[in-house]
Structures are given as structure tokens and as C-alpha cells.
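FYI, in the numbering used here the residues of the sequence shown are 8 to 209. Glycine included, each C-beta is placed from N, C-alpha and C at the ideal position. What follows is a single structure, written as C-alpha cells, with notes after it.
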Amino acid sequence: MSNLLQQLNGELSAVVDLARRSLVKVNTGHHGAGAGIVWQSDGLILTNAHVVRHRSIAVTLPDGQAYPATIVGYDEERDLAVLSIEAQNLTPLARGDSEGLQPGQLVLALGHPWGVAGAVSAGPVIDVGPAPEMARPDRIFIQAGLQLRPGHSGGPMVDVQGRLVGINTMITGPEVGLAVPVHVVQEFLKQPLKKNEGLKSF
């Protein structure tokens, strides 16, 4: 049993290390900070719409470099935003299968709660579908038994292979966190994104 736990610990540590390479901090001046992920190596960053409601935005990469960011895609309904920074050779996360998640599967959520960089929360998938607490039955979430805190918003939810399955977005109770599934993100990104045009609603 101890060998099994040691192996599990090692594998989860490797998953966290992989995910942190794509985890960024989204700074909004005096209004606080959230998280985001590298979506493309050429500087395309994904986060929550509610994280970037204020126009003064900077993105800090895992190596500490900070860049001003431009909003190039924004969807308040899905709570998603796409940012662009002038950076190259970034490390995006591999995409997982959010539609194939099953109840009980372990997922990990990363972010910067209360300024703690790269903090990790883990728990089982409860369901993928409409959240009972939400008034919008058409909105699909990954519901997981883990804690999300201010600063987790916009960060990645990953499976045990380190693949992106969702974007952390909100809590519905002390032990239930919601994420926008990656297949919903991909639907959003099928719409044309035009860089350097400021806030653009879809």
C-alpha cells in the first residue's frame, strides 16, 4: 500500500508540475488578480470573463515575466475571455476529453488563491452538465468536489494525465467547484478572434 501511495504522489506531483508550466497570473491593477492558461504558444491566453472586466490587464508568466494584455474575445454568458500578449514559445496544455469525464474521476484545479502562486485543489468529478444551483439549464459545467477560492478563477482544471478539461469559474458551496468544460471553450473559440481590437462580445 505504501508503495502504491508513493507512486500516486509522484504521478500527481508530475501532473501539477506540467500544469504549472501553462498557468499564468492575470493582474487587473487595484481590482485584484485571477488566473489563466496558455492556450497557444504565440501568446493566446484563456481566462474567465469576470476576471477581466476592468480594461487594465497584465499577464505574468510562470517565469515571472509580465506583459500587457489585450482582450480579443469575450463571452459573459460562458464566462470566458481570450487575451493576447506579445510573447512566443509559450507552453500550452494538451486538451483532454471533458465530455468523457465520469463521476468519481479525480481532477485538479490550479490557481493563485489569495496570492498563493500555483495552489492546487483536488477532488472527484460529481457530474458534467447543468448545475442544479444555477438558473440556466443550458449552461454546462464540470462539477467537482473540490475547493475553489478567489484567485482560482480562470485557472486550469486538469485530469490525472495533466490534460486540460476545464476552466475554473465559481463555487456553489464550500466543497463544490464549477469549471467551464474544455469542449465548451473550443466551441467559443471557433468564432473568429481578431487581435488588438479591444473588448469584443460574441
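Going by C-alpha distance, which of the options is nearest residue i?
i, options, result
"P110", "G17, L100 and G130", "G130"
"V189", "I174, P75, G71 and P139", "I174"
"W121", "S29, N34, L11 and R27", "N34"
"V114", "Q13, L185 and L11", "L185"
"N55", "V167, L171, S160 and S91", "S160"
"A40", "N10, S20, A26 and S63", "S63"
"R27", "V123, P144, N10 and D104", "V123"
"F148", "L97, I178, A73 and R102", "I178"
In whole angstroms, what separates the C-alpha of residue i from that of residue j?
i, j, result
"G36", "H57", "14 Å"
"T67", "V132", "30 Å"
"K197", "D82", "13 Å"
"Q112", "Q47", "27 Å"
"P137", "Q150", "9 Å"
"G107", "R170", "13 Å"
"K32", "N10", "36 Å"
"V167", "L19", "7 Å"
"Q154", "E93", "33 Å"
"P181", "M141", "16 Å"
"P139", "D145", "11 Å"
"L100", "A21", "14 Å"
"F195", "V135", "18 Å"
"T98", "V45", "6 Å"
Taking residue i as part of the alpha helix (DSSP H), name the residues at either end of that continuous run.
i, result
"Q168", "Where Q168 is concerned, there is no enclosing alpha helix (DSSP H), given that its DSSP letter is neither H nor E."
"Q193", "V189 to L196"
Do residue j and residue i come within 8 Å of each other at the CB atom, strictly closer than that value?
i, j, result
"Q95", "G50", "yes"
"V127", "V59", "no"
"V187", "T176", "yes"
"A88", "I78", "yes"
"L117", "P163", "yes"
"P69", "L15", "no"
"S105", "V172", "yes"
"S91", "A73", "no"
"V191", "R102", "no"
Identify every run of the beta strand (DSSP E) within the stretch 38 to 120, keeping only runs that are complete inside it and at least 3 residues long; order them along the chain. 40 to 47, 51 to 54, 65 to 67, 73 to 75, 77 to 82, 87 to 91 and 113 to 118
Which full runs of the beta strand (DSSP E) of 3+ residues lie inside the stretch 124 to 160, going along the chain? 126 to 136 and 148 to 151
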